[in-house]
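In order, the protein sequence lines correspond to chains A and B.
At position 190 of the first sequence the residue is numbered 232 (this note's numbering), and the sequence of numbers has no breaks.
At position 29 of the second sequence the residue is numbered 71 (this note's numbering), and the sequence of numbers has no breaks.
Note that the Cβ used here is the ideal one computed from N, Cα and C, for glycine as well.
These figures come from a predicted structure and were not determined experimentally.
Written below as structure tokens is the structure these notes are about.
2 protein chains.
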Amino acid sequence: MTLNRRLAAKAARLLPEHKPPGSPGLILEAALKLFAERGYAAASVREIAAASGLKPATIYGHYPSKEHILAELCRVGHEEQNRSVRAAVLNSGADPRDQIVAYVRAHVGMHTSFPMLAVVANAELHVLSAELGAATFSLREQSERLLGEIIQRGLDRGVFHVPNAWLAVAAIGGMGLRVAYWYSPEYRLEPHEVADVYAEYALRILAVKTDPSAGL
Amino acid sequence: MTLNRRLAAKAARLLPEHKPPGSPGLILEAALKLFAERGYAAASVREIAAASGLKPATIYGHYPSKEHILAELCRVGHEEQNRSVRAAVLNSGADPRDQIVAYVRAHVGMHTSFPMLAVVANAELHVLSAELGAATFSLREQSERLLGEIIQRGLDRGVFHVPNAWLAVAAIGGMGLRVAYWYSPEYRLEPHEVADVYAEYALRILAVKTDPSAGL
DNA sequence: GTCTATATGAAGATAGAC
DNA sequence: GTCTATCTTCATATAGAC
């Protein structure tokens, strides 16, 4: 028996447009839960089949391999994450401060709304081959580049003050990513409340003007 | 072939006092590298044996099971992390701002100095049984409680200004934890430089006084 | 302490009937 | 589309010689 859960969330959630009808959708959802809770390598095709109400062989009528199921989950996870931060930033106006708030709210919101998808898409991505991971890697790079560009624009305009844009990307992205591990719908704060606080943290990280003689 | 690495670090590092002499130490170090790069479930005892220059059966002369090897790695990782943040805070004086700087520097420093150990101790902890994980869970809780107490003291003294102490613990802890995934000795910043920047970020998150009427 | 050899089970995946 | 049955490989772990 294991004492500790890998993540707090208990239910697997997929956006309707990412869940195909019939057995493929059931398989995807069952795999999402198992991959999130136990990890890709520790979850077997037999377990995915049992959780889908199917026999193992039936899985292979819908997905060519277990790795293809993971690839699809990683892809839809990063797709939703990329779509949501891009839409948020496009709707936020030209001020880098507004853009950061929009980006972080969307980023954190995705991790509270789809914690299992976020955990699988991030923590299990490394097992994918170059071919099966290509779509996901591209989406991930786009999202990260967008955050970097917002921060760089804020630095160029003099509204942000950090010594190193990339470290700010890493810190802001990293704190958001971890939300998926501890957030669950039973948590006393609503998703938007967590997102608002993290957006404020990101602004604080970026927008505090420090004394240049202090060495930072 | 996999395109993406799970973490940037390429070498397994253990503190001398955590690496027993002879074969047990070789086994521990080989397992650390394999568990960090591929994950616990995807790394086999055969591979650990090969990387240690031993045969699989020899492993069981030193560790009762593969899970016991992981338990030992999780324990020493959390032990070093707990030891280092406690020592840092004890040496930092009574001001919560100094304590936060000391804590985050030590926390990030541990994740840059021992990235594989940090990744394994955090990402693979969930597979341990209650018995084998007990020592680690206790250390992890101590470290987290220490950070929470520093923040609460700063709030009580009016030097920190956040709406929710636990969210600050999660954000500051989370951004530090992620460092282990991207940092490697080839990175252009030295460990202490990364640690200093992250300590400044933590101070900014906590110590920015906002307008109370703004709702945060 | 280390080895060879092996027990035992479970893994991913396929063949072919219905 | 789904099933039963099975192939093949690899997993953790053990027995017992040196």
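Just verifying my parser: in three-state terms, what is the DSSP assignment at residue i?
i	result
V201 (chain A)	coil
N164 (chain B)	helix
V250 (chain B)	coil
S226 (chain A)	coil
G196 (chain A)	helix
Y105 (chain A)	coil
A54 (chain A)	coil
D238 (chain B)	helix
F156 (chain B)	coil
E232 (chain A)	coil
A84 (chain A)	coil
L49 (chain A)	coil
Using the beta-carbon of each residue, which ones in chain A are nearer than 7 angstroms to residue i?
i	result
H168 (chain B)	T44, N46, R47 and R48
G81 (chain B)	G81 and A83
A165 (chain B)	A165
V250 (chain B)	R246 and V250
What's the C-alpha gap between residue i and residue j?
i	j	result
K108 (chain B)	E166 (chain B)	13 angstroms
H60 (chain A)	R230 (chain B)	40 angstroms
N46 (chain B)	D137 (chain B)	43 angstroms
R246 (chain B)	W224 (chain A)	23 angstroms
R88 (chain B)	H168 (chain A)	21 angstroms
V143 (chain A)	Y240 (chain A)	9 angstroms
L68 (chain B)	A92 (chain B)	11 angstroms
R55 (chain A)	S134 (chain B)	45 angstroms
E71 (chain B)	L197 (chain B)	42 angstroms
Q184 (chain A)	A176 (chain A)	13 angstroms
Y145 (chain B)	P66 (chain A)	48 angstroms
K97 (chain A)	H110 (chain A)	18 angstroms
N124 (chain A)	M217 (chain A)	17 angstroms
V161 (chain A)	M158 (chain B)	19 angstroms
E115 (chain B)	G64 (chain B)	For the record, residue 115 (chain B) in the displayed sequence is Leu; it is not Glu. Computed Cα separation, rounded: 17 angstroms.
A210 (chain A)	P227 (chain A)	29 angstroms
A222 (chain A)	T100 (chain A)	31 angstroms
V204 (chain A)	A244 (chain A)	12 angstroms
L112 (chain B)	V118 (chain B)	10 angstroms
S155 (chain A)	R80 (chain A)	20 angstroms
P106 (chain B)	L219 (chain B)	30 angstroms
E122 (chain B)	I214 (chain A)	26 angstroms
Mind checking which residues open and close the alpha helix (DSSP H) that includes residue i?
i	result
D137 (chain A)	First-last for D137 (chain A): undefined, no H or E at that position.
R128 (chain B)	K108 to L132
A93 (chain A)	V87 to S94
F77 (chain A)	S65 to R80
A99 (chain A)	P98 to I101
Interface residues of chain B around residue i at Cβ under 8 angstroms?
i	result
N206 (chain A)	L231 and V239
I247 (chain A)	Y243, R246 and I247
L219 (chain A)	G216 and R220
Run through chain A and tell me which residues come within less than 8 angstroms of residue i, C-beta to C-beta.
i	result
V211 (chain B)	Within 8 angstroms Cβ-Cβ: nothing; V211 (chain B) doesn't reach chain A, min ~10 angstroms.
V236 (chain B)	L209
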